[in-house]
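Quick note: to get our numbering, add 11 to the position in the sequence shown (first position is 1).
To start, the structure under review is shown below, and the notes come after it.
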Amino acid sequence: MNIKPILIVAGEPNSIFLEIFFKSLKKNFFKRPIIIIVSKKLLIKQMKILKFNFKLNDINLNNFENNLNNKSINLINVNYNFKDPFDKISDKSKNYITECFKIALKILKKKNASGLINGPISKKHFLKGKFQGVTEYLANETKIKNDIAMLIFKKELSVCPVTTHLPLKLVSRHLSKKKIISKVLLINKFYKKELNKIPKIAITGLNPHCESNYISSEEDSIIIPAIKYLLKMKFNVEGPFAADTIFMGSQSKKFDVIIGMYHDQVLTPLKTIFEFKAINITLGLPFIRISPDHGPNTPMLGKNKSNPASLIEALKFLDK
């Protein structure tokens, strides 16, 4: 196969993903063929209701190399029984999503794709507390024992939370010097390989103004020691910075990446700045995995008003 395809797992069947997928294909021409792993019945039903019209090209999992084209939706069908194509999210989609990922991982293991994009997935119903997120689920499925990182990527400015989908009350327990160092190593490797540059990285504190009213703080015991070690190893890092000022224009423009201690500490300001134009890249897997930077957005199901910008950026990144 001369050009490896972009692989897509459609994810939660009761989400706005297929809508933004149709819109992405309408707005752009991609050099690489795209294979989507999805219920064909569901795709056809949603396409009809949302008033899109694409030709479909059924793909044989074991022999698809010579059967791909850019003029149709190349799809691998996974059966999924539904009554309503815009139904509520429930546990019944768990087996369907699991099967979609199994097929994708089989293809990726043979290095027959440029990377994986997955649509949004309900962590509550699919992961059921076993994993913090799809990032950790894929690490388990690919037997990755080392640390991984969630990079919300935009060329102008990216962010990475040290802890991901955790309640705030658990964040401090899950911070460590080792985790901060690991995120910097993964980010540095990614920027060197994909962008041919050494990233300049800012690291935030955990507490307001990087201090605590208690005798000791996470800044003193974890974050500052990690930064000192990284500086000793000649990495281009600075910090700790107060999270309430680091995203101000004059500050953030100095950096390529801001590493924060928890999810909303860095994702909220980045989404405020770039809206849906950033993408979620998992670092540390044996393949590039990207997901659009939004959830299933159930309230918008069937309304044909969802913004495809994040998926378009994800496709563009893998279309190089």
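Glycine included, every Cβ here is placed at the ideal spot set by N, Cα and C.
Span of the beta strand (DSSP E), counted from its first residue to its last, around residue i
i: serine 169; result: 169 to 172
i: valine 145; result: Not the beta strand (DSSP E): valine 145 falls in the alpha helix (DSSP H), residues 145 to 152.
i: phenylalanine 266; result: From DSSP, phenylalanine 266 is part of no beta strand (DSSP E); its letter is neither H nor E.
i: methionine 161; result: 160 to 164
Test item: CB-CB of residue i and residue j under 7 Å
i: lysine 208; j: alanine 289; result: no
i: aspartate 158; j: serine 183; result: no
i: leucine 326; j: serine 125; result: no
i: proline 96; j: glutamine 57; result: yes
i: leucine 294; j: valine 170; result: no
i: isoleucine 70; j: isoleucine 46; result: yes
i: glycine 271; j: proline 131; result: no
i: proline 307; j: serine 133; result: yes
i: aspartate 267; j: lysine 331; result: no
i: leucine 18; j: alanine 150; result: no
i: leucine 322; j: isoleucine 31; result: yes
i: histidine 220; j: alanine 253; result: yes
i: serine 26; j: tyrosine 91; result: no
i: valine 20; j: isoleucine 48; result: yes
i: alanine 213; j: glutamate 167; result: no
i: phenylalanine 287; j: alanine 237; result: no
Backbone CA spacing between residue i and residue j [nearest angstrom]
i: asparagine 68; j: lysine 82; result: 9 Å
i: methionine 12; j: asparagine 64; result: For methionine 12, the pLDDT reaches just 49, beneath the cut-off of 50, and the residue's location in the model is therefore unreliable, although a value from the coordinates is still provided. The alpha-carbon atoms of methionine 12 and asparagine 64 are separated by roughly 28 Å.
i: tyrosine 202; j: phenylalanine 285; result: 20 Å
i: valine 89; j: leucine 186; result: 39 Å
i: threonine 136; j: aspartate 102; result: Inspection of the sequence shows that residue 136 is occupied by histidine rather than by threonine. Whole-angstrom Cα-Cα distance: 5 Å.
i: isoleucine 87; j: serine 35; result: 19 Å
i: leucine 162; j: asparagine 106; result: 28 Å
i: glutamate 230; j: isoleucine 257; result: 16 Å
i: isoleucine 233; j: lysine 188; result: 5 Å
i: glutamate 324; j: serine 227; result: 42 Å
i: proline 44; j: asparagine 77; result: 11 Å
i: serine 263; j: lysine 62; result: 42 Å
i: phenylalanine 28; j: lysine 66; result: 18 Å
i: leucine 79; j: asparagine 123; result: 13 Å
i: leucine 196; j: isoleucine 292; result: 15 Å
i: asparagine 73; j: proline 16; result: 14 Å
i: threonine 153; j: asparagine 315; result: 35 Å
i: isoleucine 128; j: cysteine 111; result: 12 Å
i: glutamine 143; j: leucine 177; result: 7 Å
i: isoleucine 108; j: leucine 179; result: 28 Å
i: lysine 204; j: lysine 37; result: 31 Å
i: proline 251; j: serine 317; result: 37 Å
i: lysine 141; j: asparagine 247; result: 35 Å
i: isoleucine 198; j: isoleucine 235; result: 19 Å
Element boundaries [alpha helix (DSSP H), containing residue i]
i: glycine 260; result: 260 to 263
i: serine 280; result: Correcting the residue type first, residue 280 is proline in the shown sequence and not serine. Element bounds for proline 280: 274 to 285.
i: glutamate 205; result: 188 to 205
i: serine 321; result: 320 to 329
i: isoleucine 114; result: 105 to 120
i: proline 236; result: 235 to 243
i: glutamate 249; result: Glutamate 249 -> not in any alpha helix (DSSP H); beta strand (DSSP E) instead, spanning 248 to 252.
i: leucine 29; result: 28 to 38
i: leucine 127; result: Here leucine 127 belongs to no alpha helix (DSSP H); instead the beta strand (DSSP E) covers 126 to 129.
Buried or exposed (CB count within 10 angstroms, at least 16 for buried), residue i
i: leucine 206; result: exposed
i: glycine 260; result: exposed
i: isoleucine 60; result: exposed
i: threonine 146; result: buried
i: phenylalanine 75; result: buried
i: threonine 175; result: buried
i: leucine 119; result: buried
i: glycine 40; result: Here residue 40 is phenylalanine; the residue named in the question, glycine, does not match the sequence. Label assigned to phenylalanine 40: exposed.
i: threonine 215; result: buried
i: leucine 53; result: buried
i: glycine 22; result: buried
Touch test, the stretch 229 to 242 against the stretch 282 to 301, Cβ-Cβ under 8 Å, three pairs minimum: no
Contact the stretch 259 to 279 vs the stretch 306 to 319: 3+ CB pairs below 8 Å: no
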